[in-house]
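See below for the structure under consideration.
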Amino acid sequence: MWYKTRAFFEEAGGIVIFTGRFFSEVFKPPFEFKELLRQCYQMGNKSLLLVGVTGFILGLVFTLQSRPTLMEFGAESWMPSMVSISIVREIGSVIIALICAGKIGSGIGAELGSMRVTEQIDAMEVSGTNPFKYLVVTRIVATTLMLPLLVLIGDAIALFGSAIIENLKGEVSFLLYFNQVFDALTFADLIPATIKTFFFGFAIGLVGCYKGYYCSKGTMGVGEASNSAVVYTSMLLFVIDFIAVFVADIFNG
230 MWYKTRAFFE EAGGIVIFTG RFFSEVFKPP FEFKELLRQC YQMGNKSLLL VGVTGFILGL
290 VFTLQSRPTL MEFGAESWMP SMVSISIVRE IGSVIIALIC AGKIGSGIGA ELGSMRVTEQ
350 IDAMEVSGTN PFKYLVVTRI VATTLMLPLL VLIGDAIALF GSAIIENLKG EVSFLLYFNQ
410 VFDALTFADL IPATIKTFFF GFAIGLVGCY KGYYCSKGTM GVGEASNSAV VYTSMLLFVI
470 DFIAVFVADI FNG
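Per the numbering used here, the very first residue in the sequence shown carries number 230; after that it's consecutive.
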């Protein structure tokens, strides 16, 4: 028990120090804009299909599951409002962030872990390149910028999937559906949900880079780094989400 507690605090301390190093490096020149754009493409464009499919199925399933309950109370007309607020405020951002943690976080952990065990990072240090700046800073900034865009796209596709079900089951036109959606949503729903996705993206990039950058134990450690990056990030996402909802409730209250 003592060993596990000590290991937990050592890991937490290591992540805090790693975060401090990131903030000390991110504003110092030279800036790796070319690598940053490449990482944005890798993480954004190549995750788009997965996010789109996830959002579409989310909208379909959520509407199909909610519709019978609302019909019992004769409240089918509230379906667009309920679905849009639920997806935009909470469900869409959390589920898409978890999907991206599995794809992007594990990919970063495996990539940097393999570079560490094959001594590519050590070779960069010897050649005079700053590997932390080139490998870590660019990836964390890319995930922080790309995740909000992916969440917005996923939410829009989820609402489109919900509109299809309403059009088929309830004979609600797309125009009427989205008029009710935009009437229900306010900036108080959209802004806090968007802000927390920046923190989600930062957490995904930070933990993935940390686990990969300090990977050890040879090739076996690469798998462990990839797996633990997903597990740690998933737990951290729920903690960040709770804090974000708690803070938003204070301001709204």
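By construction, the Cβ of each residue, glycine as well, lies at the ideal position given by its N, Cα and C atoms.
Going along the chain, which residues of its own chain have a beta-carbon closer than 6 Å to the beta-carbon of residue i, five neighbours each way excluded?
{"i": "V401", "result": "E395"}
{"i": "G338", "result": "G437, K440, G441, A454, S455 and A458"}
{"i": "E261", "result": "Y363 and T367"}
{"i": "D478", "result": "none"}
{"i": "M300", "result": "none"}
{"i": "F238", "result": "none"}
Mind checking which residues open and close the alpha helix (DSSP H) that includes residue i?
{"i": "A392", "result": "T367 to K398"}
{"i": "C438", "result": "F416 to Y442"}
{"i": "P309", "result": "M308 to S315"}
{"i": "R345", "result": "S335 to V346"}
{"i": "F260", "result": "No alpha helix (DSSP H) holds F260; DSSP gives it neither H nor E."}
{"i": "V323", "result": "G321 to C329"}
{"i": "V410", "result": "F403 to A413"}
Are residue i and residue j touching if we call contact CB-CB under 8 Å?
{"i": "G331", "j": "V459", "result": "yes"}
{"i": "A371", "j": "Q294", "result": "no"}
{"i": "F431", "j": "L466", "result": "no"}
{"i": "V255", "j": "G383", "result": "no"}
{"i": "F471", "j": "A387", "result": "no"}
{"i": "S343", "j": "V410", "result": "no"}
{"i": "S322", "j": "A385", "result": "no"}
{"i": "I433", "j": "I320", "result": "no"}
{"i": "T283", "j": "I325", "result": "yes"}
{"i": "D412", "j": "I314", "result": "no"}
{"i": "M308", "j": "R318", "result": "no"}
{"i": "F302", "j": "P377", "result": "no"}
{"i": "G399", "j": "E305", "result": "yes"}
{"i": "A473", "j": "K425", "result": "yes"}
{"i": "I369", "j": "F475", "result": "no"}
{"i": "C329", "j": "L266", "result": "no"}
{"i": "T327", "j": "S463", "result": "Note that residue 327 corresponds to Leu in the displayed sequence, not to Thr. Yes, they are a contact pair."}
Indicate the three-state DSSP secondary structure (helix, strand or coil) for residue i in the structure shown.
{"i": "N274", "result": "helix"}
{"i": "T358", "result": "coil"}
{"i": "P297", "result": "helix"}
{"i": "F247", "result": "helix"}
{"i": "F285", "result": "helix"}
{"i": "F477", "result": "In the sequence as displayed, the identity of residue 477 is Ala instead of Phe. Reduced to three states, the DSSP call for A477 is helix."}
{"i": "G303", "result": "coil"}
{"i": "S457", "result": "helix"}
{"i": "K233", "result": "helix"}
{"i": "S253", "result": "helix"}
{"i": "K332", "result": "helix"}
{"i": "S445", "result": "coil"}
Cutting at 8 Å between CB atoms, please list the residues of its own chain near residue i, excluding the five before and the five after it.
{"i": "T248", "result": "L435"}
{"i": "G447", "result": "V346"}
{"i": "L289", "result": "G390, S391, I393 and I394"}
{"i": "I420", "result": "none"}
{"i": "I350", "result": "L341, M344, P360, L364 and Y442"}
{"i": "I316", "result": "L287, G288, F291, D384, A387, L388 and S391"}
{"i": "E354", "result": "P360"}
{"i": "T373", "result": "F427, G430, F431 and G434"}
Any beta-carbon of chain C closer than 8 Å to the one on residue i?
{"i": "S315", "result": "Going by chain labels, chain C is absent from the structure shown, which holds only one protein chain."}
Suppose the cutoff is 7 Å on Cβ atoms and the five residues either side in sequence are ignored; what does the same chain contact list for residue i look like?
{"i": "F403", "result": "A392 and N396"}
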